[in-house]
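K.L.:
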Amino acid sequence: MTEGGELKLLGMWASPFVTRAKLALQIKGLSYEYVEEDLGSKSELLLSSNPVHKAVPVLIHDGKPVCESSVVVQYIDEAFAGAGPSLLPADPYERAVARFWAAYLEDKLVTPWRQVLRVKTDEERAEVMRQTIAAADVLEGGLKESSGGMGPFFGGESVGYVDVLLGGMISWVKATEVFSGAKIIDAAKTPLLAAWMERFCELDAARAVLQDVGALVEYARALQARFAAAAPNN
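Residue numbering for the sequence shown is 1 to 234, as defined by full-length UniProt numbering.
This is the structure we're talking about:
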C-alpha cells in the first residue's frame, strides 16, 4: 500500500454499495483485507464498527471505521490523495456538480430501485421500475453536463466520483433487467449512459470487482421469495 496504514473492508459479495468501495480501492491501487460478512449473523466487528446502521460496507483504516458507501468513496479519495487518480475534481464548482449528481443518483434512482424485490404486486413493481427508468433518463443529461458533452465518463476523461457510485450498481442494473423484464439503461433512450456502461465494464477495476450477473439474478430471486414468504397475509 502506498500510504496511510492498514485497510480492512467489511462487505457482502452481492451488495452494490460494497462494490462501490471495492471500485474506489481498486482504482486508487490500494491493498486491503476483505472480510465477507454474513448479514444473517453479523459479526461483533461489524456491529461495533457501524452501531447506527449495522450495515456494510465499513472501511476500517488503522482501526477507525468509516461507514456508508458514498462517504467511504470520498474518504478513500481524500485519505489517499497521493495514490492513483483523484475521484473528486479539485475545482470547487465541478466538485459541487459531482456531489449534486451523486445525491440525485441516491435519491431518485437507488431509492425506488431498492424496493423492486419487496413489492407485492405487478402494478407496484411496474411503478418502481417506472421511477427508476425516469431517473436514468435524467442521469443521461447529467452525464452530458458533467462530461462537457465529450468525455467518456461523469468525471470527464477519467473515472470520477459519480462513475464509481453508479458503476457499483452495474451488475444489479443488468440483473434487475433480467428478472423485471424492463430495460433501465436503454441504448435507444439513453445512448450516452449505454455507451458509458460499456466503457465502464471494460475498465480493469470493473473487471476485477463487478459481480457475475447470473449469480445476482439467482440471489435476487431467492430474496424475492424470502420477502414474499415474510409478508403478512391480508
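Beta carbons are placed, not taken as given, at the ideal position from N, Cα and C, and that holds for glycine.
Measuring CB to CB, does Ser49 end up less than 7 Å from Val56?
P.N.:
Locating residue 49 in the sequence shown gives position 49, where the first residue counts as 1. Locating residue 56 in the sequence shown gives position 56, where the first residue counts as 1. Going by C-beta atoms, Ser49 is not nearer than 7 Å to Val56.
K.L.:
Rounded to the nearest angstrom, what separates Gly167 and Arg20 at their Cα positions?
P.N.:
Taking the sequence shown and counting its residues from 1, one reaches residue 167 at position 167. Taking the sequence shown and counting its residues from 1, one reaches residue 20 at position 20. One C-alpha to the other measures close to 7 Å.
K.L.:
State the Cα-Cα distance for the pair Gln211 and Glu94, rounded to the nearest angstrom.
P.N.:
Along the sequence shown, read from residue 1 onward, the residue named residue 211 stands at position 211. Along the sequence shown, read from residue 1 onward, the residue named residue 94 stands at position 94. Straight-line Cα distance between these residues: approximately 30 Å.
K.L.:
Report the partner residues of Gly11 according to the DSSP bridge assignment.
P.N.:
Here the question's residue 11 lines up with position 11 in the sequence shown. Glu36.
K.L.:
Which residues in the same chain as Val97 place their Cβ atom closer than 8 Å to its Cβ, once the five residues preceding and following it in sequence are excluded?
P.N.:
Translated into positions along the sequence shown, residue 97 becomes position 97. Within the same chain, Val97 has close Cβ partners Glu145 and Ser146.
K.L.:
CA-CA distance, Glu157 and Gly151?
P.N.:
The residue you call residue 157 lines up with position 157 of the sequence shown. The residue you call residue 151 lines up with position 151 of the sequence shown. The alpha-carbon atoms of Glu157 and Gly151 are separated by roughly 5 Å.
K.L.:
Select from Tyr104, Pro232 and Phe153 the residue whose C-alpha is nearest the C-alpha of Gln131.
P.N.:
Position 131 of the sequence shown, counted from the first residue, corresponds to residue 131. Nearest of Tyr104, Pro232 and Phe153 to Gln131, Cα basis: Tyr104.
K.L.:
First and last residue of the beta strand (DSSP E) that includes Pro65?
P.N.:
Start at 1 with the first residue of the sequence shown, and residue 65 comes out as number 65. Element bounds for Pro65: Lys64 to Cys67.
K.L.:
In terms of residues, what are the limits of the alpha helix (DSSP H) holding Val162?
P.N.:
Counting from 1 along the sequence shown, the entry for residue 162 is found at position 162. Element bounds for Val162: Tyr161 to Gly167.
K.L.:
Exposed or buried, which one is Glu6 when buried takes at least 16 other CB atoms within 10 Å?
P.N.:
Along the sequence shown, read from residue 1 onward, the residue named residue 6 stands at position 6. Per the 10 Å Cβ criterion, exposed.
K.L.:
How far does the alpha helix (DSSP H) with Val56 in it reach, from first residue to last?
P.N.:
As a working note, residue 56 is residue 56 in the sequence shown. Element bounds for Val56: n/a, residue is neither H nor E.
K.L.:
For Ala220 and Leu117, what's the separation of their Cα atoms in angstroms?
P.N.:
For the purposes of this step, residue 220 is taken as the residue at position 220 of the sequence shown. For the purposes of this step, residue 117 is taken as the residue at position 117 of the sequence shown. Their Cα atoms are separated by approximately 7 Å.
K.L.:
Give me, in chain order, the residues of the same chain whose beta-carbon lies closer than 7 Å to that of Phe179; leave out the 5 immediate sequence neighbours on both sides.
P.N.:
As a first step, residue 179 is located in the sequence shown; it is residue number 179 there, counting from the start. Counting only Cβ-Cβ distances below 7 Å, and skipping sequence neighbours, we find Val217, Ala220 and Arg221.
K.L.:
Looking at the strands, I want to know which residues DSSP matches up with Phe153.
P.N.:
As a working note, residue 153 is residue 153 in the sequence shown. Bridge partners of Phe153: Gly156.
K.L.:
Return the chain-ordered list of same chain residues with a C-beta closer than 8 Å to the C-beta of residue 235, the five sequence neighbours on each side being excluded.
P.N.:
Only positions 1 to 234 of the chain appear in the structure, and residue 235 is not among them; the question remains open.
K.L.:
Roughly how many angstroms lie between the CA atoms of Val52 and Val209, to the nearest whole one?
P.N.:
Here residue 52 refers to the residue found at position 52 of the sequence shown. Here residue 209 refers to the residue found at position 209 of the sequence shown. Cα to Cα, Val52 sits roughly 27 Å from Val209.
K.L.:
Could you pull the start and end residues of the alpha helix (DSSP H) that Val119 belongs to?
P.N.:
For the purposes of this step, residue 119 is taken as the residue at position 119 of the sequence shown. For Val119, there is no enclosing alpha helix (DSSP H), since its DSSP letter is neither H nor E.
K.L.:
Is Glu124 buried or exposed, if buried means 16 or more other CB atoms sit within 10 Å of its CB?
P.N.:
Against the sequence shown, residue 124 aligns to sequence position 124. That one is exposed.
K.L.:
What is the C-beta distance between Ala187 and Ala194, in whole angstroms, given that I count them as a contact (C-beta under 8 Å)?
P.N.:
Here residue 187 is taken as the residue at index 187 of the sequence shown, counted from 1. Here residue 194 is taken as the residue at index 194 of the sequence shown, counted from 1. Yes, they are in contact, since the Cβ atoms of Ala187 and Ala194 sit about 4 Å apart, within 8 Å.
K.L.:
Distance, Cα to Cα, Phe227 vs Leu192?
P.N.:
Against the sequence shown, residue 227 aligns to sequence position 227. Against the sequence shown, residue 192 aligns to sequence position 192. Going by the C-alpha atoms only, they are around 35 Å apart.
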